[in-house]
Amino acid sequence: MSPNTGPASGLETAARAAFERARDDQSGELATYIPELARVVPDRFGIALAGVDGHVLGVGDVEVPFTIQSISKALAYCIALEALGRDKVLAHVGVEPSGDAFNAIVFDALSNRPFNPMVNAGAITVSGLLAEAFGAEAFDVVLDRFSAAAGRRLVMDETVFRSEAQTGHRNRGIAHLLKCAGALGADVDDAVDLYFRQCSILVTATDLAVMGATLANIGENPLTGSAVFAVEAVRNTLSVMFTCGMYDFAGNWAFDVGVPAKSGVGGGILGVVNRQLGIGTYSPRLDAKGNSVRGIAAFRDLTEEMGLHVF
Ligand code: DON
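If you want my numbering, it's the position in the sequence shown, counting the first as 1, plus 389.
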């Protein structure tokens, strides 16, 4: 992908201003519960924007690779909706905000299903659905589709994958409880293996912006012109990102920022301004809820400055 960088626009000015305002904030902590995530440079910070017209711009460390982590949950959900159909997916995972932390060990008591696909329990269930549907090809299907959304060939970080696979006891525990509850059809090991792999895919802030622009452009990558996701799956995914994408911060996010988004403990946030723009930020210091501190500040600033809130 070669970014189309034109003359400074209002968006570029707003992105620079948001960057300058947030850059000195050193609050928050790196995620350390996956040992390999603690090895990144804490001060990295980048903001990238990609329009549905194919225009891409960035400020700061927008080409630094980091693992996509939980942002993968939104895209994997989109793939599952398309491949398996909405009813099959809904039979396994709800669409209700949980108000709980991303790694909470809690299911919807009425249905015995995970609350939504953005918390770990729901995401592991979605990975299980993909593992069942695609067998040994499942990771390739996911990697191909993520790559098509980003407009370039992505790769997985083997070291982060191994680090999480060796230490992810809580996620394995959640997967066993899902199996026990009847929500997870797949083999526990297959589901968590795919989940850990998809979380370990390397992206940049620019990739997140282009992926966001693909969702904003109802599934067609505006840089490559390729049809990546089906319209209905995009609509359903954006709805769940809006209500659940920022975990137990989702209400505040919807109130202040007002665009569908998904964060990851690698430090990325992907946001979607419907029919207009994808936004990708990277800054690895996280707040207590696992969301990037400077990423949140940048999104708040940008959407306020540019009037991007959906309401
Ligand atoms: O489940 C995990 O621990 C990670 N691989 C992904 C979690 C994550 O990114 C939560 N996001 N804020």
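Where is the CB? At the ideal position from N, CA and C, for every residue including glycine. Every value quoted in this text rests on a predicted model; they were computed, and no experiment measured them.
Give every residue of the same chain whose Cβ lies closer than 8 Å to the Cβ of Leu591, excluding the five residues on either side of it in the sequence, and list them in chain order.
-> Your numbering for residue 591 matches position 202 in the sequence shown. Hits under 8 Å: Pro454, Phe455, Thr456, Ile457, Leu543, Val544, Met545 and Asp546.
Can you tell me where the alpha helix (DSSP H) with Thr548 in it begins and where it stops?
-> For the purposes of this step, residue 548 is taken as the residue at position 159 of the sequence shown. Unbroken alpha helix (DSSP H) run through Thr548: Glu547 to Thr556.
Unbroken stretches of the beta strand (DSSP E), 3 residues or longer, contained in the region 443-492 | For the region 443-492, whole beta strand (DSSP E) runs of length 3 or above, ordered along the chain, are 445-449.
Regarding Cys588 and the ligand DON, is the C-beta to nearest heavy atom distance less than 8 Å?
-> Locating residue 588 in the sequence shown gives position 199, counting from the first residue. For the ligand DON, at least one heavy atom lies less than 8 Å from the Cβ of Cys588.
Hey, Ala472 and Ala522 are a contact pair by Cβ (cut 8 Å); roughly how many whole angstroms apart?
-> Along the sequence shown, read from residue 1 onward, the residue named residue 472 stands at position 83. Along the sequence shown, read from residue 1 onward, the residue named residue 522 stands at position 133. The C-beta separation of Ala472 from Ala522 comes to about 6 Å, placing the pair in contact by the 8 Å criterion.
Under the criterion of a Cβ to heavy atom distance below 8 Å, does Phe585 qualify as lining the ligand DON?
-> The residue labelled residue 585 in the question sits at position 196 within the sequence shown. Checking every heavy atom of the ligand DON against the Cβ of Phe585, one is found closer than 8 Å.
Can the beta-carbon of Thr603 be found closer than 9 Å to that of Val617?
-> Walking along the sequence shown from the start, residue 603 turns up at place 214. Walking along the sequence shown from the start, residue 617 turns up at place 228. With contacts defined by Cβ atoms closer than 9 Å, Thr603 and Val617 form a contacting pair.
Which residue or residues does DSSP assign as beta-bridge partners of Val662?
-> Taking the first residue of the sequence shown as position 1, residue 662 is located at position 273. DSSP lists Leu666 as the beta-bridge partner residues of Val662.
Cβ of Phe364 within 8 Å of any heavy atom in the ligand DON?
-> Residue 364 is absent from the model: the chain starts at 390 and stops at 700.
Could you round the C-beta distance between Cys633 and Met507 to whole angstroms and report it? I think they count as a contact, below 8 Å.
-> Against the sequence shown, residue 633 aligns to sequence position 244. Against the sequence shown, residue 507 aligns to sequence position 118. At roughly 4 Å, the Cβ-Cβ gap stays under 8 Å, so Cys633 and Met507 are in contact.
Excluding five sequence neighbours on each side, which residues of the same chain lie with their C-beta closer than 6 Å to the C-beta of Met390?
-> The residue given as residue 390 occupies position 1 in the sequence shown. With a pLDDT of only 36 at Met390, under the threshold of 50, the placement of this residue in the model should not be trusted; the figure read from the coordinates follows. Closer than 6 Å at the Cβ level, and outside the excluded window around Met390, lie Gly540, Arg541 and Leu612.
Residues near Pro396 by beta carbon distance below 6 Å, same chain, minus five either side | Within the sequence shown, the letter at position 7 stands for residue 396. The predicted position of Pro396 is uncertain, since its pLDDT is 48 and thus under 50; a value taken from the coordinates is nonetheless stated next. Here the set comprises nothing.
For Arg502, the residue or residues it bridges with in DSSP | Residue numbering aside, residue 502 sits at position 113 when the sequence shown is read from its first letter. Arg502 pairs with Asp497.
Backbone secondary structure at Lys651 - three-state DSSP | Mapped onto the sequence shown, residue 651 falls at position 262. Three-state DSSP puts Lys651 in a strand.
If you measure from the CB of Gly517, is any heavy atom of the ligand DON nearer than 8 Å?
-> As a working mapping, residue 517 is identified with position 128 in the sequence shown. Look at Gly517: its beta carbon is at least 8 Å from all of the heavy atoms in the ligand DON.
Take the Cβ of Glu526 as the centre, count every other Cβ of all protein chains shown within 10 Å, and call the residue buried at 16 or more, exposed below.
-> The sequence position of residue 526 within the sequence shown is 137, counting from 1. Flag for Glu526 reads exposed.
Do Ile685 and the ligand DON come close, with the Cβ less than 8 Å from some heavy atom?
-> The residue labelled residue 685 in the question sits at position 296 within the sequence shown. No - the ligand DON has no heavy atom lying nearer than 8 Å to the Cβ of Ile685.
Whose C-alpha, out of Arg410, Asp676, Glu609 and Gly574, is nearest the C-alpha of Tyr636?
-> Your numbering for residue 636 matches position 247 in the sequence shown. Closest in alpha carbon position to Tyr636, among Arg410, Asp676, Glu609 and Gly574, is Asp676.
Counting pairs of Cβ atoms below 8 Å between the region 422-436 and the region 472-484, do you hit three or more?
-> No, the region 422-436 is not in contact with the region 472-484.
Taking 8 Å as the cut-off, is the CB of Ile494 close to at least one heavy atom of the ligand DON?
-> Taking the sequence shown and counting its residues from 1, the one referred to as residue 494 is at position 105. Incorrect: Ile494 has no Cβ contact closer than 8 Å to the ligand DON.
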